[in-house]
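J.: Questions regarding the structure given below will be posed in turn.
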Amino acid sequence: MKPRIVFVHGLASSYESTWARYGWPELIEDLGGEAVPFELPGHGTSPIEPGDDAAAVDALLAFTAGNNADTAVGFSAGSLLLLRAAARKPDAFARLVLTGVGDGMWNSGEGLRRIADAFERDEPIEDPGLRMLATMARSAGNDPKKVSAFIRGVPRQPSPKALRAIEASVLIVLGDKDDVGPADALLGNLQTARLVSLPGTDHYKTPSDPRAFGAVSRFLSD
Numbered sequence: 016m017k018p019r020i021v022f023v024h025g026l027a028s029s030y031e032s033t034w035a036r037y038g039w040p041e042l043i044e045d046l047g048g049e050a051v052p053f054e055l056p057g058h059g060t061s062p063i064e065p066g067d068d069a070a071a072v073d074a075l076l077a078f079t080a081g082n083n084a085d086t087a088v089g090f091s092a093g094s095l096l097l098l099r100a101a102a103r104k105p106d107a108f109a110r111l112v113l114t115g116v117g118d119g120m121w122n123s124g125e126g127l128r129r130i131a132d133a134f135e136r137d138e139p140i141e142d143p144g145l146r147m148l149a150t151m152a153r154s155a156g157n158d159p160k161k162v163s164a165f166i167r168g169v170p171r172q173p174s175p176k177a178l179r180a181i182e183a184s185v186l187i188v189l190g191d192k193d194d195v196g197p198a199d200a201l202l203g204n205l206q207t208a209r210l211v212s213l214p215g216t217d218h219y220k221t222p223s224d225p226r227a228f229g230a231v232s233r234f235l236s237d
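Sequential numbering of the sequence shown, starting at 16, is according to our numbering.
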């Protein structure tokens, strides 16, 4: 059986929208592996109750073990869920690829609360950025109100102490135009981590950037 690599998509998105449409499954196949998708709670057809992050972490760890996988790739909220899973069980992964993740995600959570508030309203969303995100959620097959429930269940991200316990080798891929950057503190708190910066790339363009493909391919081939 081909070695399996778990892929976790971003907030309000899907495996298809974040990864498959850009050719990531084919990249993994070319490397001799198989990409297997894990859906965030509150997204698509995920059976996990949105709002229960402990259950989400348990489900991700069980899914990874059930697929005999020791490598996972995440984008944005998917990267953060992978970090929370690795912090819970530091030896669960041998390699982690975290894309679209940076120090700006260790914050008060006000931005996420604004998204959740907007997604719960029945009236039209006035803010253009939030409106675009809601449209993206629906086009990816998601119910914004369920996505909101997922958002409200996300806890504060792992502490520096928890991050330092993670045993995996970590690759961080981050566009230098990504508002969640830089990733200096995150890099400093992980035992074994390297950063690939993508000049001129913003948050949402990271999964489609050919330089991300190259960086991940090299990392997984080492």
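Don't be surprised by glycine CBs; every beta carbon is placed ideally from N, CA and C.
If contacts are defined as beta-carbon pairs under 8 Å, then Lys17 and Gly47 qualify, I think. What distance do you get, rounded to the angstrom?
T.: Indeed, because the Cβ distance is near 6 Å, the residues count as touching under 8 Å.
J.: Bridge partners for Arg19 per DSSP, in chain order?
T.: According to DSSP, which records beta bridges pairwise, Arg19 is partnered with Glu49.
J.: Return the CA-CA distance between Gly89 and Phe22, expressed in angstroms with no decimal places.
T.: Gly89 and Phe22: Cα-Cα distance of roughly 6 Å.
J.: My understanding is that Val51 touches Ser91, with C-beta atoms under 8 Å, so please give their C-beta distance in whole angstroms.
T.: Not quite, the Cβ-Cβ distance comes to about 19 Å (not below 8 Å), so this is no contact.
J.: Taking Phe90 as part of the beta strand (DSSP E), name the residues at either end of that continuous run.
T.: Unbroken beta strand (DSSP E) run through Phe90: Thr86 to Phe90.
J.: Out of curiosity, what's the CA-to-CA distance linking Val72 and Thr33?
T.: Between Val72 and Thr33, the C-alpha separation is close to 20 Å.
J.: Ala131: which of Ala152, Ser212, Leu111 and Ala69 sits nearest, CA to CA?
T.: Taking only the C-alpha atoms, the option nearest Ala131 is Ala152.
J.: Distance, Cα to Cα, Pro170 vs Gly93?
T.: So the two alpha carbons sit approximately 14 Å from each other.
J.: Just to confirm, does Leu202 get its C-beta within under 7 Å of one of the non-hydrogen atoms of the ligand FMN?
T.: The ligand FMN is not among the ligands present in this structure, which contains no ligands whatsoever.
J.: Do you know offhand how far Gly59's Cα is from Ser29's?
T.: In a straight line, the C-alpha of Gly59 is about 7 Å away from that of Ser29.
J.: What do you get for Asn204, buried or exposed, if any count of 16 or more other CB atoms within 10 angstroms of its CB means buried?
T.: Classification for Asn204: buried.
J.: Per DSSP, what are the beta-bridge partners of Ser184 in this structure?
T.: Its beta-bridge partners are Arg110 and Thr207.
J.: In this structure, does DSSP put Gly25 in helix, strand or coil?
T.: Of the three classes helix, strand and coil, the one that applies to Gly25 here is coil, per DSSP.
J.: Helix, strand or coil: which one does DSSP assign to Ser61?
T.: Here Ser61 sits in coil by DSSP.
J.: Output the residue ranges of the alpha helix (DSSP H) runs that lie fully inside the stretch 113-192 and measure 4 residues or longer, sorted by chain position.
T.: As far as the stretch 113-192 is concerned, its whole alpha helix (DSSP H) runs of at least 4 residues are 125-135, 143-154, 159-168 and 175-179.
J.: Check this for me: beta carbons of Pro65 and Lys220, under 8 Å apart or not?
T.: In this structure, Lys220 does not lie closer than 8 Å to Pro65 by Cβ.
J.: Where does the unbroken alpha helix (DSSP H) through Leu75 begin, and where does it stop?
T.: It spans Asp68 to Gly81 - the alpha helix (DSSP H) in which Leu75 sits, taken as one unbroken run.
J.: Along the chain, where does the alpha helix (DSSP H) that runs through Gly229 open and close?
T.: Here the alpha helix (DSSP H) through Gly229 covers Pro225 to Ser236.
J.: Is it true that the CB of Pro62 sits closer than 8 Å to the CB of Glu182?
T.: Not in contact: Glu182 and Pro62 (Cβ atoms no closer than 8 Å).
J.: Go ahead and pull the three-state DSSP assignment for Leu213.
T.: Strand.
J.: In terms of alpha-carbon separation, which member of Trp121, Ala27, Leu42 and Arg36 lies closest to Ser236?
T.: Residue Leu42 is the option with its Cα nearest to Ser236.
J.: Going by other Cβ atoms of all chains shown within 10 Å of its Cβ, with 16 needed for buried, is Ala167 buried or exposed?
T.: In the sequence under discussion, the amino acid at residue 167 is Arg, which differs from the Ala named in the question. Per the 10 Å Cβ criterion, buried.
J.: Whose CA, out of Val195, Ala180, Lys176 and Ala227, lies closest to the CA of Val188?
T.: Among Val195, Ala180, Lys176 and Ala227, the Cα nearest to that of Val188 belongs to Ala227.
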